[in-house]
């Protein structure tokens, strides 16, 4: 079995699991970078970030990987904008 084929299979399995889980973060991407995986994008909360990282750690066991997930809040502002 080729190493590249294995990582592609594992990454697709991770993508499928992220889509099935309750978190269903649409802003998360998983890509192959050489013989490693890169999990990146934005999530809605620190809890979701932790869940994505936990799932990635489980699914990518034995595969080198890097995560670059940022938490972005999309709540409306809590005060009016003051324009000079």
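Numbering (the UniProt record's numbering), first residue to last: 1 to 84. Yeah, the Cβ is synthetic: ideal placement off N, Cα and C, and Gly gets one too.
Residue burial is scored here from C-beta neighbours: residue 73 has fewer than 16 other C-beta atoms within 10 angstroms and is therefore classed as exposed.
In the DSSP assignment, residue 43 falls within the beta strand (DSSP E) that extends over 36–43. Remark: C-beta atoms of residue 8 and residue 44 do not approach each other more closely than 9 Å. Bridge pairing for residue 69: 41 [DSSP].
With distances taken between CA atoms, residue 28 lies nearest to 17 out of 17, 58 and 36. In this chain, the alpha helix (DSSP H) harbouring residue 52 covers 46–59. When C-alpha distances from residue 36 are compared across 76, 60, 78 and 71, the shortest belongs to 60.
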